[in-house]
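Q:
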Ligand code: MIC
Ligand code: SF4
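Residue numbers (the numbering used here): 47 to 695.
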């Protein structure tokens, strides 16, 4: 390729940020680029591994401009594990130059947006909703903990240059229709795999009416489209938000060029949108609220990183003020941050919520990741969250719907799904002029790191390493699954499994347990093997345990029709070969089949085709890889940590 299109034509905002941070590679769609990472974030459920990995890299201090370690997921302390992990995280942050956001300070994405996210910067986070920071014009991406550890070490982040999609928002939202409905509409149109390999960039006259917290609901849930990231320009709304956060000095204007080139354009007429809802159990099963109106509701959960800003909770309180939650509904509220909680307390909104019968939870992920508040059997749960994958709530065969604050408020009062437009004029909610700024729960790193001792409880087990790729891979198909398998299905979370994140041998026992409880035992008996999957294998969370645990159980390759971005990267990082196969081959493979990938090392180096043989039938399977030369090296070495070590650190 000679001259890049972007050198001659106008640039998208995404391209501008990538080019300003690019170290290597061509910025043309699908090619691998590497960029410098300005900021990183981790949360506790992925952070313990990320910091063990950072430690293994042997550096005295992070080399990013800013790294923050949040505690927001593992907050239910039913045993010693979570509290031990919190202490480990606090001590390791102090030692290695990392800010530590104490339990109670809030959900990583909300706090990061409030206190740190900056227009034009790059952010890598070990959580799939990291793109939320795109609401202020940052290029923010989710990744596995190991990729974040490597970024903290000052190394470039490698990813496939995304296709940039322009989402043009025309007109203005009508009363009771919310930012959540914009992203639900995109999910309806594009599905959970519609954003894979893409960045969604928002523009249009509709932007002026969308505040940063509303934009954040959209960028946050862009992850459910499988998108690499989502980004808004940095404009007067951004400036206003940063001013309220007393961070106006972080503001700078940032937009695409007027003649910017986009690979795709999506138009949304905001005035034509109506309240939407995602039915169980996929974020793209979107329909109009009016279509499911009348469905009885047992639980309403408001909050999560998707819908827990001051504006969100104050809007809920304004609808509930002076009324009582319906007798058949349990309403929970988990605020996004201590700032939000503090502000609704001062404004009186919290008192209105309590008076209405809402159950106030602490500022953290809570029910969103199955940490308590599992819904009743066959009970419909309406959540303002971003994911409703089956069983994630903690109840088997759950019935979780995803909706806006407005739809949740209407259901909390009426005990059924109702169109909120039936409630008359919506109450007006104003943002406070000054936000409450109190960073005392954000601990800066120690000024005497040598004196800090890292505190490791018995829950922290050493990191297992993958083995180098052998000459030939041989084994049996341990499991065959369908399309859109989520990382929640590969490695469930929830109150009993999430605390085992720092203990790979223990957590491995739960691999695929919701789909097939005998998986771990079979993997041990068969000495490892292969997994066969459909389209978009590994969608959802960034949890590297969905690769780490299968690796620990001896899985050497996944043969799927296509992969979700972060999970594919995690497989490579942990030495598991991601191979793509066609539909016909997918149909022929069965659990128990013995298959072989002969001369795999040579095949990977030679080209994109990797012949696979089904031994009993003798049938050849036309498998392919789309690995870059760097990724092939990683796999041959047995994963990223082995690769870095082999390179002498
Ligand atoms: C999620 O929403 O699924 C999580 C829990 O936040 C995950 C991270 C994890 O599994 O620890 C994510 O989104 O990446
Ligand atoms: Fe936490 Fe849920 Fe957000 Fe994941 S999606 S970071 S579990 S609140």
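Beta carbons: idealized from backbone N, C-alpha and C, even for Gly. On a predicted model such as this, the values are computed, not experimentally measured, just so you know.
1) Please classify residue 545 as buried or exposed, where buried requires at least 16 neighbouring CB atoms within 10 angstroms.
2) Considering only their Cβ atoms, is the gap separating residue 208 from residue 274 smaller than 7 Å?
3) Among the residues of its own chain, which have a CB less than 7 Å from the CB of residue 679, if the five just before and after it don't count?
4) Below 7 Å between beta carbons: does that hold for residue 670 and residue 641?
5) Applying the criterion that 16 or more other CB atoms from any shown protein chain within 10 Å of the CB defines a buried residue, is residue 52 buried or exposed?
6) Which stretch, first to last residue, makes up the alpha helix (DSSP H) that contains residue 126?
7) Could you tell me the distance, in whole angstroms, from the CA atom of residue 604 to the CA atom of residue 537?
8) My parser needs the beta strand (DSSP E) runs of 3 or more residues fully inside the region 478-515; what are they?
9) Should residue 173 be counted as a contact of the ligand SF4 given a C-beta to heavy atom distance under 6 Å?
10) Would you mind working out which of 235, 196, 438 sits nearest residue 45, comparing C-alpha positions?
11) To the nearest angstrom, report how far apart residue 132 and residue 619 are at their CA atoms.
12) Under 8 Å by Cβ, that's how I've got residue 217 and residue 316 pegged, so tell me the actual separation to the nearest angstrom.
13) Within 10 Å of its beta-carbon, does residue 278 have 16 or more other beta-carbons around it, so buried, or fewer, so exposed?
14) Between residue 684 and residue 127, what straight-line distance do the alpha-carbon atoms span, to the nearest angstrom?
15) Should residue 48 be labelled buried (16 or more other beta-carbon atoms within 10 Å of its own) or exposed?
16) Cα separation between residue 586 and residue 240?
17) Report yes if the C-beta distance between residue 450 and residue 90 is below 7 Å; otherwise report no.
18) Where residue 63 and residue 674 are concerned, what is the direct C-alpha to C-alpha distance, given to the nearest angstrom?
19) What does a CB cutoff of less than 7 Å around residue 364 pick up in its chain, not counting 5 residues either side in sequence?
20) Apply the 10 Å Cβ neighbour rule to residue 496 and answer buried if 16 or more other Cβ atoms are within range, or exposed otherwise.
21) Measuring CB atoms only, is the region 408-423 touching the region 334-347, in the sense that at least three cross pairs come out at less than 8 Å?
22) Which residues in the same chain have their Cβ closer than 7 Å to the Cβ of residue 50, if we skip the five residues on either side of it in sequence?
23) Tell me which same chain residues have a C-beta within less than 6 Å of the C-beta of residue 677, skipping the five on either side of it?
24) What residue from 633, 426, 629, 483 has the CA that sits closest to residue 324's CA?
25) Considering only C-alpha positions, which residue in the set 553, 326, 539 is nearest to residue 506?
26) Would you call the region 98-112 and the region 401-411 touching, i.e. three or more CB-CB distances under 8 Å?
27) Within the continuous beta strand (DSSP E) that includes residue 669, where are the two ends?
28) Distance, Cα to Cα, residue 352 vs residue 267?
29) Under the criterion of a Cβ to heavy atom distance below 6 Å, does residue 411 qualify as lining the ligand SF4?
30) Please report the Cβ distance between residue 622 and residue 137, rounded to the nearest whole angstrom; I am assuming they are in contact, meaning their Cβ atoms lie under 8 Å.
31) Expressed to the nearest angstrom, what Euclidean distance is found between the alpha-carbon atoms of residue 77 and residue 237?
32) Report yes if the C-beta of residue 415 is less than 6 Å from at least one heavy atom of the ligand MIC; otherwise report no.
33) Who are the Cβ neighbours of residue 647 in its own chain at under 7 Å, not counting the five residues just before and after it?
34) Determine the DSSP secondary structure at residue 238, reduced to helix, strand or coil.
35) Specify the secondary structure class of residue 342 as computed by DSSP and reduced to three states.
36) Taking 6 Å as the limit between beta carbons, can you name the residues of its chain near residue 361, skipping five residues before and five after?
A: For this structure:
1) buried
2) yes
3) 689
4) no
5) Any reading at residue 52 must be qualified, since the residue scores a pLDDT of 45, below 50, and its modelled position is unreliable; no value is offered.
6) 126-142
7) 15 Å
8) none
9) yes
10) Any question about residue 45 goes unanswered here, given that the chain covers just 47 to 695.
11) 25 Å
12) 5 Å
13) buried
14) 30 Å
15) Residue confidence is low: residue 48 scores 34 on pLDDT, short of 50, so the model does not pin down where it sits. Its coordinate-derived value is still stated next. Label assigned to residue 48: exposed.
16) 13 Å
17) no
18) 23 Å
19) 473, 475
20) exposed
21) yes
22) Annotation note: pLDDT 44 at residue 50 (below 50); position unreliable, coordinate value reported separately. The answer, listed in chain order, is 72, 73, 74.
23) 618
24) 426
25) 553
26) no
27) 666-670
28) 7 Å
29) yes
30) The Cβ separation is near 32 Å, so there is no contact.
31) 24 Å
32) yes
33) 515, 517, 682
34) coil
35) strand
36) 451, 475
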